[in-house]
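Structure first, then comments.
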Ligand SMILES: [Zn+2]
Ligand SMILES: [Zn+2]
């Protein structure tokens, strides 16, 4: 039985989402743990549930979503994948984080590969589909676990709102098109786990558009 654990990490409370089978495979979306105590919380959970972490996947490359990638890579050596459209953010993460007052070196590992629209990511019984949803950034993606009816929407769709489009690579018309044509077309009962804040459903968010 596939399970989900959400860790709101770092002062910006980015939801790191761990999809896992107890005593089986795991995928971590947006490794946002910033310090050793947050990382320990993640590590303790992984060891208590005997999870083999095979992937760390990013919904996009903004600095608050990438803090833990280096720590996780060193500890578990999962494949690190992100959309190529946000690769340049990885090199700016340290500078951007420091400009927001975070103590962060930003020495991130190079991605092991790039995510494209309609890619399928599988390990064990976990299957995710990649949905490219540009607008918050050019490389923003969502991950859809069709069997569970779970959508990991990053900073594209929140409970009661949409992602900001005033940052580098942001585009308002594009994010609206992405949400309308790629996310709100999913079944209305789909549970949505955004990059920040509480979960919602596709059906709850639809009337706003
Ligand atoms: Zn963002
Ligand atoms: Zn964010």
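In our numbering, the protein residues as written are 2 to 210. All C-beta atoms, glycine included, are put in the ideal place defined by N, C-alpha and C.
Between the C-alpha atoms of residue i and residue j, what's the straight-line distance to the nearest angstrom?
i: residue 144; j: residue 115; result: 14 Å
i: residue 35; j: residue 95; result: 12 Å
i: residue 154; j: residue 182; result: 14 Å
i: residue 99; j: residue 44; result: 26 Å
i: residue 157; j: residue 49; result: 32 Å
i: residue 139; j: residue 55; result: 26 Å
i: residue 38; j: residue 70; result: 15 Å
i: residue 206; j: residue 179; result: 14 Å
i: residue 119; j: residue 148; result: 16 Å
Exposed or buried, what is residue i when buried is set at 16 or more other beta-carbons lying within 10 Å of its beta-carbon?
i: residue 186; result: exposed
i: residue 193; result: buried
Between which residues of its own chain and residue i is the CB-CB distance below 6 Å, once the five residues before and five after are set aside?
i: residue 175; result: 135 and 136
i: residue 13; result: 65
i: residue 80; result: 56 and 113
i: residue 87; result: 61, 62, 138 and 140
i: residue 20; result: 5, 28 and 127
For residue i, I'd like the list of residues in its chain whose CB is within less than 8 Å of its CB, leaving aside the five on either flank, ordered along the chain.
i: residue 22; result: 2, 3, 4, 52, 125, 126 and 127
i: residue 60; result: 30, 31, 66, 141, 142, 143, 144, 153, 154, 155, 156, 157 and 196
i: residue 150; result: 188, 190, 191 and 192
> Near ligand 2, which residues have their beta-carbon less than 6 Å from any of its heavy atoms, given in chain order?
Replying inline: 15, 63, 65, 66, 156, 196 and 197
>> As an exercise, report each continuous beta strand (DSSP E) stretch of at least 3 residues that is fully enclosed by the segment 37–102, in chain order.
In response: 53–58 and 80–84
>> Quick check on the DSSP output: what are the complete alpha helix (DSSP H) runs of length 4 or more inside the segment 131–181, in order along the chain?
In response: 173–179
> Of all the beta strand (DSSP E) runs that stay within the bounds of the segment 4–37, which reach a length of 3 or more residues?
Replying inline: 4–10, 15–21 and 26–30
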